[in-house]
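Residue numbers (the working numbering): 288 to 846. Cβ atoms here follow ideal geometry from the backbone N, Cα and C, with glycine treated the same way. One structure is given here, and the rest of the page talks about it.
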Amino acid sequence: MTDFKELVELARKISMTTSRNEKIELVSSFIKELPEDEVRHAVLFLLGRTLPPGDERHLDVNWRALLSVLKRMTGADNEQLFKILVQAVDIGDGFKKALEKFEPKRQSFLFEQKLTIKEVSSYYNKIASLRGAKSRKYKEDLLFSLFSLADKDEAEFLARNLTGEMRIGLHEGLMEEAIAKAFQIPARLVRRAVMLRGDISEIAVLAKRGGAKALESIRIEVFRPLKPMLATDADSIEEVLRELKRASFEFKLDGIRLQMHAKGGRIRAFTRRLSDVTQSLPDIVDQFSEIFGSREVVADGEAIAIDPEGRPLPFQFVSRRLRRKSDIARSAKEIPLRLFLFDILQIDGKMLIDEPYFRRRKLLEDLVDEEWLVPARVCESEEEASNFLKEALDRGHEGLIAKKLDSIYTPGVRGKNWFKIKPVLATLDLVIVAAERGYGRRHKWLSDYYLAARDEETGEFYVVGKTFKGLTDQEFELMTQRLKELAYYDDGHLVKVKPSIVVEVAFNEIQKSPKYESGLALRFARIVSIREDKTPEEAETIQNLRRIYEKQFLHKGKI
DNA sequence: GCTGATGCGTC
DNA sequence: GTCGGAC
DNA sequence: GTCCGACGACGCATCAGC
């Protein structure tokens, strides 16, 4: 039984170095020595996860629950804790600082207990299993008990782990290399195994138990989702064609990525992060059954919402279907989804991911009626591809995905074989009216900015979204200074400022907002420049935003 | 039974 | 999802 | 080229509190 303390110490060392090689070495020598039944949890915990993927339960514990436990332990009031947390680098640091400042109350145990890796995992299990009335309280009781067994450093680790933000500069990429190094397996092989299984903690165990041989024997299994292949951003069609010369361009649909599995008449649908959403999507299941009957198949596609004329609806509609458990039949009728396939990964036991794209696509076209396929066209000239892009946009879609014709399907990889091309939209000049202090590496700065549009009738500013993207570190530094000078309210976290600074903001879509008074919100807002030349009075108006919102429906459907 | 807070997962 | 920073 | 860490919008389910 390995002490939890050792894992905490390892995490500390990992966070101390920025060298990737050093991180890999640290993790690798640690997991090499670990008993087989602890490897899985150690890997998960280091990556900021609690339960293994595939476990349908969740802890339902996050920073609010943690705060409540912290209150119980320290006896401090909200104000005292807020003061500490606001100055902390992140929640883990805040926990540690609060426990240092106030001598914590702890649950007393009958026997002296020491936290082990397995003990923590067992607590997580119990917390995840609790449901129903008063379960929040019982979860907090368990957390109190868990934190009672932890010293300050362990508490810091736990707080980070439970919020999923370890911030030690270690994710799956380096973990794969660490596993490879620990068990002397080529990194390539580890990576491939993780892709096919979608669960790195399981691969770590397999690697320890069976080495390279065990990983080599891994195949796609129906009903076990693999990671979907991803696309790299491209600025233009020209850039893509320079890279690929000739490529297949497919419509990029704005819906949910679905990996469909079928065998013996049973059908399952998995999302991009491999959760099973079959239950919410009976219409998609029917469609897949119509397409493939009871054949054994694994296919990749996108589901979008469509109006009676077959035009795509905005993403917001699709998301209403997604995790629904109640009134499923009714909502399926209100917002019908339609599946569009673009890849096939396995059929009748034959794995296809190592076949080149053009063969997989050809096979798909032979097997499936065109109406179920994402429209695709092979282009080698910019003009041809541009026309196809225009067609996609005219039909209300997001853009194009360009695919290298002879590329294999590399699950989980965002590489140079698939590119996404989204058109650049006009930007908006908006006013910063408030800001929030950042966390982690941004904790000294005002990092998240409230963006507002002006009401041309009243002159008031209305928030239409927040963004933390687009500025360089240096610009954050300067912006923080400027905003502090404009502040008329500052509680340590939220800073409200006099409308003065105008920024040019890019976005992908304007959505209806239930949260903002303006009724509108920007999707994927990011700052592209600071408009030193503009005054707030010259900024975008809320009236114009409404017009832009309506214009989006020129190509999109409405119910 | 309703409402708001919280957590989670999609993009 | 999207961006900048760091290796 | 690749990985990592900053965090955005929504909508659903679940639970607490009235």
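(request) Find out if the Cβ-Cβ distance for the pair Ser355, Glu452 is shorter than 8 Å. (result) no
(request) Identify whether Leu513 lies in helix, strand or coil by the three-state DSSP scheme. (result) coil
(request) Using the DSSP secondary-structure output, state which residues sit across from Pro599 in a beta bridge. (result) Ile593
(request) Leaving aside the five residues before and after Ser787 along the sequence, list all residues of the same chain whose C-beta is less than 7 Å from its C-beta, in chain order. (result) If we look at Ser787 and ignore the five residues flanking it on each side, its Cβ neighbours are Leu773 and Pro823.
(request) Tell me whether Phe398 sits in a helix, a strand or coil according to DSSP, three-state version. (result) coil
(request) For the region 588 to 597 and the region 636 to 655, state whether three or more C-beta atom pairs, one from each stretch, are separated by less than 8 Å. (result) no
(message) With the cut-off set at 8 Å, would you say Ala721 and Val784 are in Cβ contact?
(response) yes
(request) Identify the continuous beta strand (DSSP E) that holds Ser349 and give its terminal residues. (result) For the sequence presented, residue 349 should be read as Asn rather than Ser. No beta strand (DSSP E) holds Asn349; DSSP gives it neither H nor E.
(message) Taking the beta carbon of Pro801 as the centre, do at least 16 other beta carbons fall within 10 Å, making it buried, or is it exposed?
(response) exposed
(request) With DSSP as the reference, label Ala499 as helix, strand or coil. (result) helix
(message) Let's see if you can read the secondary structure: which residues bound the beta strand (DSSP E) around Ile708?
(response) Arg701 to Ile708
(request) Let me know if Phe794 comes out buried or exposed under the rule of 16 or more other beta-carbons within 10 Å of its beta-carbon. (result) The residue in question, Phe794, is buried, as its Cβ has 16 or more Cβ neighbours within 10 Å.
(message) With the cut-off set at 8 Å, would you say Leu321 and Ala298 are in Cβ contact?
(response) Going by C-beta atoms, Leu321 is not nearer than 8 Å to Ala298.
(request) From the DSSP output, read off the bridge partner residues of Arg547. (result) The displayed chain sequence assigns Met, not Arg, to residue 547. According to DSSP, which records beta bridges pairwise, Met547 is partnered with Ala556 and Ala586.
(request) For Pro569, count neighbouring C-beta atoms within 10 Å of its own C-beta (all shown protein chains included) and say buried if the count is 16 or more, exposed if not. (result) exposed
(message) Quick check on Phe389: does DSSP put it in helix, strand or coil?
(response) coil
(message) For Glu325 and Lys405, which I take to be in contact (beta-carbon distance under 8 Å), what is that distance rounded to the nearest angstrom?
(response) 6 Å
(message) Counting C-beta neighbours from all protein chains within 10 Å, is the total for Gln546 16 or more, i.e. buried, or is it exposed?
(response) buried
(message) Taking 8 Å as the cut-off, does the region 821 to 835 touch the region 716 to 731 (at least 3 CB pairs, one atom from each stretch)?
(response) yes
(message) When you compare the region 655 to 670 with the region 475 to 493, are there three or more beta-carbon pairs, one atom per stretch, that lie closer than 8 Å?
(response) no
(message) In chain order, what are the residue ranges of uninterrupted beta strand (DSSP E) at least 3 long that sit wholly in the region 664 to 743?
(response) Those beta strand (DSSP E) runs which fall completely within the region 664 to 743 and span 3+ residues are 686 to 691, 701 to 708, 715 to 724 and 733 to 741.
(request) Output the distance between the C-alpha atoms of Thr558 and Ile371, rounded to the nearest integer angstrom. (result) 39 Å
(request) Decide if the region 469 to 477 is in contact with the region 492 to 503; the criterion is three or more beta carbon pairs, one per stretch, under 8 Å apart. (result) yes
(message) If you measure between the beta carbons of Val285 and Ile631, is that distance less than 8 Å?
(response) Residue 285 lies beyond the residue range present for the chain, which begins at 288 and ends at 846; the question has no answer from this structure.
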